[in-house]
Amino acid sequence: MNTIVSTSCGFHAVQNALKHPDNVEVLLYDVERNDLRLKELAEQARRSQIQIRATGKKELDKVSAGVRHQGVIVIHTTGLAKPSLSLEEYLTQLERVPLLLVLDGVQDPQNLGACLRTAAAAGVDGVILPRKKGCPITATVKRVAAGGVSHLSIFEESNWNRVMTTLKNSGLWIVGTDEKAENDIYSTDLVRPVALVLGAEDKGLRRLTRKQCDQVVRIPAVGGIHSLNVSVATGIALFEVLRQRRSPLQK
1 MNTIVSTSCG FHAVQNALKH PDNVEVLLYD VERNDLRLKE LAEQARRSQI QIRATGKKEL
61 DKVSAGVRHQ GVIVIHTTGL AKPSLSLEEY LTQLERVPLL LVLDGVQDPQ NLGACLRTAA
121 AAGVDGVILP RKKGCPITAT VKRVAAGGVS HLSIFEESNW NRVMTTLKNS GLWIVGTDEK
181 AENDIYSTDL VRPVALVLGA EDKGLRRLTR KQCDQVVRIP AVGGIHSLNV SVATGIALFE
241 VLRQRRSPLQ K
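The following block contains the structure:
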């Protein structure tokens, strides 16, 4: 992966970024802002020997490219650290029943960030994103994820067919989601090793992705709206896995 520059903006995102100081190049802060939280972040950066630069709101607005920054930004030398292991190698060294999240072409950075935040909260073992046919990890994604990116093993993959084959060969049951599916998620056994697959906001799962799923399920709705936002669906699906693993379905 080529070295690129990315940012984390706002108190919460910066606080989480500073937990991984090796990935931070410089902390920028608004010299005219008198805020105890900002001073604490600057002191944390100083202890980690991170470069600190006082600047003005005008430059911060420019660096953040319109993302709300609250007067503090960190600049990373890499947008997303390249995993030290391939996806296949990573799956073989997992010591618990794995839960992976596969996002098949989510386009909106707000949605992607929310999905990643939820994935981190659910303790997923890995997230798989398409390298080209989806939203990249941007400053907005990181801000919305509120530090979630730093807590996840994220794989950006180009060969989607190989991804699905690798998941199957590693013993994962691939479960896609579709509002029109016959079976619902609550009657589906998710205690086994699972890769949950959610599609793009407008089109859902791509045809070939759906074809490679072992099972496609729906999240049942009782109101007049049957289509859920992808980040909401992600949260429901992931935490249904956790619920079942604490209290498995009765056979």
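FYI, the numbering for the sequence shown is 1 to 251, going by the UniProt record's numbering. Note that the Cβ used here is the ideal one computed from N, Cα and C, for glycine as well. The structure presented is a predicted model; accordingly, all values stated were derived computationally and were not measured.
So is residue i buried or exposed if we call it buried at 16+ other beta carbons inside 10 Å?
i	result
residue 237	buried
residue 36	exposed
residue 220	exposed
residue 277	The structure shown does not extend to residue 277, since the chain is modelled only from 1 through 251, so no value can be given for it.
residue 190	buried
residue 70	buried
residue 54	exposed
Quick test of your reading: residue i and residue j, contact by CB under 8 Å. State the CB separation rounded to the nearest angstrom.
i	j	result
residue 185	residue 217	5 Å
residue 146	residue 74	Contact flag wrong, Cβ pair sits at about 14 Å.
residue 175	residue 194	6 Å
residue 105	residue 206	7 Å
By how many angstroms is the C-alpha of residue j removed from the C-alpha of residue i?
i	j	result
residue 202	residue 224	18 Å
residue 168	residue 68	41 Å
residue 234	residue 115	6 Å
residue 151	residue 32	32 Å
residue 212	residue 113	26 Å
residue 52	residue 143	20 Å
residue 98	residue 117	18 Å
With DSSP collapsed to three states, give me the class of residue i.
i	result
residue 182	coil
residue 47	helix
residue 215	strand
residue 221	coil
residue 116	helix
residue 104	strand
residue 1	Residue confidence is low: residue 1 scores 35 on pLDDT, short of 50, so the model does not pin down where it sits. No coordinate-derived value is stated.
residue 86	coil
residue 66	coil
When DSSP builds the beta bridges, which residues end up paired with residue i?
i	result
residue 157	130
residue 29	54, 72
residue 194	99, 173
residue 7	75
residue 42	Per DSSP, none; premise fails for residue 42.
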